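This report concerns only the one structure given below.
Numbering (this note's numbering), first residue to last: 29 to 857.
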């Protein structure tokens, strides 16, 4: 909904006030009284024509002449209605009559003027009409024609609901009630006539002068009529009423002239319409004016003319009056919603055919029932026949469509077939060819092309076309940054469209250079541009109609969804292929690493073995030789740890790591690890501190300060050595290492602490990711980032945990926690 201005809000406030006044006036309808008889004038006499309610009439007969109502002389049926309206229901009224030349007395009891069903139907019609008026105003708040139609509908709603005469127990404000009725009655006819001068296009001439000529007579007569009505109600005088009624007849004739003038204006507009759009709008109104009163004429007026009983109660025919305001609103707001002539023809055809089928169904069911002769069997037969007739009904409807509405049927079928083909397209080329082929069948044009936006580069790729040969090898660049709008509307030369179709004006020079008339953007769900469908002039040389635009909008919306779907499918297939390729590369890498690592281990083992043999024979070596042997052995150990990490990382990738759990002394494992890495620690000049704090428990004594756990000894040594190696890498200038083994409650703890460069807060979150290295210190620290991920995997396999605490520039502390209660299979006991 558009944002409402203060003017529109003021109009809505008036609408609500009128609605409230109309609702407050509903009791006037319920309690309005009438005489229980009908009268007619004959040779200057007022004769009783019919007695409506015998129980409310006393000593009355048809053809009696009414002389006096109480003490008031009555000369017309309107005077009877006026006097009855001045009294409440149930009032006993004495009458003076003449019967066969003799003067006599009688009495009547006033009865309700309206039935309860009539009041409910009137309220429904009024509420629907009022709602339609408010809808028009809020949908087109700044449109002069919409405002006029709004007032016509609201005034009509108030007129329908308002009772205008007399004082009743429920209505003590007759002047206000009458004024509301008269104003709404005048407003309905006046607004209707003004609307016919504005719709579907403003008629030539001065609008101000026309308004003055329309409103001045109404206002003048309305003033005199209200004055005389006020006097009649105040005095309850028949003479005053007669004066009022004379003005009301003049007022009524004037408004009738306005209504007839409005209808003639519509007919003239239809006859002089220059576009199909105008004719379609006026068809809705003209058909509404014809169909609205049709049930009343067919079921009430015609039977009464032939003195027949009405097949439908008069009040129920009032429901059809809703057709008139509905037709007006559809004509003004949504005339493209349906083809009114097609709706009427199809409804008529369906009614006739279905009526014949129902008659045939009734005959068949009756024949089967007579033949069977039993109630239960007859019911079963009726159900069976109904089931058999259902496919016949569907087939009949299908045949009616093909026989009587061939053009619409074929077009609808072709449109549905096109949409299904678009949804079934598996590639952009197939999609483009389908749209070009099917669109040309439905809307023959001189040239048509389907462009897809190709990324990267924002180039328009010509996917399929007819008449765009020059662009087959040229992909123009689409400059989205120069767009003024999101291309939600079609871009077109205004002269190529029927009037009233929303569009964005095209660049005339560009469109004429390429002989284009119309273009549509194909958008994604996020309104991103995916491609374009462009068309030249229609081969018939006619303008593009609203139906053409609606069809092309549907096609392009479906094409946008299809392009998005195809793009996602292609992306999925590409990503799947890329994933398979990366998986294959990862496998090749793992196999290569395993191969190289295994090949490295063999010479490493030999080097270390011969270094140990040399060191075991000190008499053959001098001090330098012993030092060199120690260096060879230490470097071999370091290289062996690196190879072990690489091999274990490859096993992790393949998920084939196996741990052998047994009882392991954590204290001994830590001491062994320190001894193994002593060469590297001495080489870096580290000061090493080792502490152990083990407390025996009541359940078991721990000999020689040992701390046994269930673990894989090689894995535990590897985890501790990786932490020590990490401390060496990031030691900085402070060469200090402390390794502690202790028991905390149900856990065995091994803690490695250094006073190195520390770890940043950002790096802590990625510390255990494979191949991650702290970017702050990666330039001077060796390694590939496998040691800490292996530590984490080892601790998880042992149902333990690894924790880290660090302060930049002050050092780090890594803590390994092993559960004391572990089963030999590696699970917690």
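Glycine included, C-beta positions come from ideal geometry on N, C-alpha and C. If you're wondering where the values come from, they're calculated on a predicted model, not measured in any experiment.
Closest in alpha carbon position to residue 759, among 782, 51, 803, is 782. For residue 543, no beta strand (DSSP E) segment is defined, and its DSSP state is neither H nor E. In this structure, the CA atom of residue 63 is about 11 Å from the CA atom of residue 123.
DSSP places residue 733 in no beta strand (DSSP E); its state is neither H nor E. With respect to residue 572, residue 561 sits apart: the two C-beta atoms are not nearer than 9 Å.
Taking 9 Å as the cut-off, the Cβ atoms of residue 564 and residue 544 count as close. Per DSSP, reduced to three states, the secondary structure at residue 82 is helical.
When secondary structure is reduced to three states using DSSP, residue 526 falls in the coil class, being assigned neither helix nor strand. Spanning the alpha carbons of residue 488 and residue 538 requires a straight line of approximately 16 Å.
The residue from 820, 229, 447, 354 with its alpha-carbon nearest to that of residue 163 is 354. With three or more CB-CB distances shorter than 8 Å, the segment 166-176 counts as touching the segment 221-233. By the beta-carbon neighbour count (other beta carbons within 10 angstroms, threshold 16), residue 318 is exposed. Boundaries of the alpha helix (DSSP H) harbouring residue 757: 741-757, taken from the DSSP string.
Going by C-alpha positions, residue 557 is about 43 Å away from residue 789. As computed with DSSP, residue 559 is found in a beta bridge with 480, 550.
In chain order, 517 place their CB closer than 6 Å to the CB of residue 530, counting only its own chain and leaving out the 5 sequence neighbours on each side. The continuous stretches of beta strand (DSSP E) do not include residue 35, which lies in the alpha helix (DSSP H) extending over residues 34-52.
Closest in C-alpha terms to residue 168, from the list 607, 89, 35, 267, comes 35.
Relative to residue 592, the option among 481, 705, 93, 695 whose CA is nearest is 481.
Counting only residues of its own chain and dropping the five nearest sequence neighbours on each side, residue 212 has a CB closer than 6 Å to the CB of 183, 186, 187.
In chain order, 87, 122, 123, 124, 125 place their CB closer than 8 Å to the CB of residue 133, counting only its own chain and leaving out the 5 sequence neighbours on each side. Annotation for residue 339: 327, 331 place their beta carbon closer than 8 Å to its own, counting only its chain and skipping 5 residues before and after.
The alpha-carbon separation between residue 515 and residue 599 amounts to approximately 26 Å. DSSP places residue 505 in the strand class (E or B) of the three-state scheme. Between residue 242 and residue 208, the C-beta spacing is not below 9 Å. In the three-state DSSP reduction, residue 775 falls in the strand class (E or B). Nearest to residue 685 by alpha-carbon distance, out of 826, 575, 161, 787, is 826.
Three or more beta-carbon pairs drawn from the segment 238-257 and the segment 268-288 are found closer than 8 Å, and the two stretches are therefore classed as touching. In the DSSP assignment, residue 133 falls within the beta strand (DSSP E) that extends over 130-137.
Excluding the 5 residues flanking it on each side, residue 550 has same chain C-beta neighbours closer than 7 Å at 558, 559, 560, 561, 584, 587, 588, 591, in chain order. Under DSSP, residue 840 takes part in a beta bridge, and its partners are 834.
Sequence-distant Cβ neighbours of residue 120 in its own chain, meaning closer than 6 Å and more than five residues away, are 135, 137. Measuring C-alpha to C-alpha distances from residue 765 to each of 244, 839, 468, 52 identifies 839 as the nearest. Residue 737 and residue 762 have their C-alpha atoms roughly 33 Å apart.
Residue 356 carries a helical assignment under DSSP once its states are collapsed to helix, strand and coil. In this structure, residue 459 and residue 153 do not form a Cβ contact; the two beta carbons are roughly 50 Å apart against a cut-off of 8 Å.
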